[in-house]
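These notes concern the structure reproduced below.
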Amino acid sequence: MRLPTSAHTARPWRIHEIARDFDTEDVWQFRTPGAGPDDFPAFLAALQAEKASESSGISGVLFKIRWKLGEIFGWDDESAGTGTRVGSLRDRLPADLRDTPTPDDSDSPLTSLYALDNEYAAEIANGTMHGVMHLGWVPDDTGYHLQMAVLVKPNGRLGRLYMALIKPFRYLIVYPAMTRNWERTWQTLAAARR
Numbered sequence: 383m384r385l386p387t388s389a390h391t392a393r394p395w396r397i398h399e400i401a402r403d404f405d406t407e408d409v410w411q412f413r414t415p416g417a418g419p420d421d422f423p424a425f426l427a428a429l430q431a432e433k434a435s436e437s438s439g440i441s442g443v444l445f446k447i448r449w450k451l452g453e454i455f456g457w458d459d460e461s462a463g464t465g466t467r468v469g470s471l472r473d474r475l476p477a478d479l480r481d482t483p484t485p486d487d488s489d490s491p492l493t494s495l496y497a498l499d500n501e502y503a504a505e506i507a508n509g510t511m512h513g514v515m516h517l518g519w520v521p522d523d524t525g526y527h528l529q530m531a532v533l534v535k536p537n538g539r540l541g542r543l544y545m546a547l548i549k550p551f552r553y554l555i556v557y558p559a560m561t562r563n564w565e566r567t568w569q570t571l572a573a574a575r576r
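Numbering-wise (our numbering), the sequence shown opens with residue 383 and increments by one.
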């Protein structure tokens, strides 16, 4: 379920001190009924283990098209990534975050920045933008839910145009597919722990 930007910006996340020059592009909530305050690390590990299922269906086809376009137009060349076109946000991390163990991201286009008991952040940079996926564990009336925020710094006019063009695909295809997969991952994890 899509949330207003304030659902992310009003919370005291550590990412605010690191990515203050990024725009909050999207905020999304995932249902995790019965979740407790200590369940975030296990759920994050389960999401990492289930990455393969996100590359199927229409959403998977869109990602394959995106990676092919990136190859053709050079958006994903090494020269467009972190450490070359833009500095990595790892360079902005305070020492206590820099030293946190992070999930293995070797098979992901995102690079983990930090992982805490209630918060995780990873970055990606290419010719169109520098982005952050932020996951947070948020208390609610039924326990806790997962909240994702996508923070973006577009790369000039091309980046702003790119973000505007992919917005309908994110809202109509990518996020709904992600919601189904991630909520199913939570249900599987919760059932296994009973």
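Where is the CB? At the ideal position from N, CA and C, for every residue including glycine.
V534 is positioned such that its CB atom lies closer than 9 Å to that of M545. By the Cβ criterion, the stretch 472 to 483 is not in contact with the stretch 422 to 429, since fewer than three pairs of Cβ atoms, one from each stretch, lie closer than 8 Å. Note that the stretch 408 to 417 does not touch the stretch 486 to 494; fewer than 3 beta-carbon pairs, one per stretch, sit closer than 8 Å. Looking from the CA of G418, the closest CA among K549, L540, M530 and P521 belongs to P521. Just so you know, the alpha carbons of R448 and G456 end up roughly 12 Å apart.
The DSSP-derived three-state label of A401 is coil. Around the beta-carbon of Y553, fewer than 16 other beta-carbon atoms lie within 10 Å, marking it exposed. Burial state of M383 is exposed, judged by a 10 Å Cβ sphere holding fewer than 16 other Cβ atoms.
If you look at S490, you'll find it isn't in any beta strand (DSSP E); DSSP assigns it neither H nor E. Annotated three-state conformation of L475 is coil, per DSSP. If you check the CB distance, V409 and V514 do not come in under 9 Å. Judged by DSSP in its simplified three-state form, R448 adopts helix. Rounded to whole angstroms, the gap between the alpha carbons of V468 and R402 is 15 Å.
CA-CA distance, G538 to D405, rounds to 14 Å. If you check the CB distance, E501 and G525 do not come in under 9 Å.
Taking 4 residues as the minimum length, the stretch 485 to 547 contains no alpha helix (DSSP H) run wholly inside it. Within a 10 Å sphere around the beta-carbon of L547 sit fewer than 16 other beta-carbons, which makes this residue exposed. G465 and D523 have their C-alpha atoms roughly 42 Å apart. Closest in alpha carbon position to E505, among L444, G442 and D487, is D487.
DSSP, reduced to helix, strand and coil, places T464 within a strand of the structure shown.
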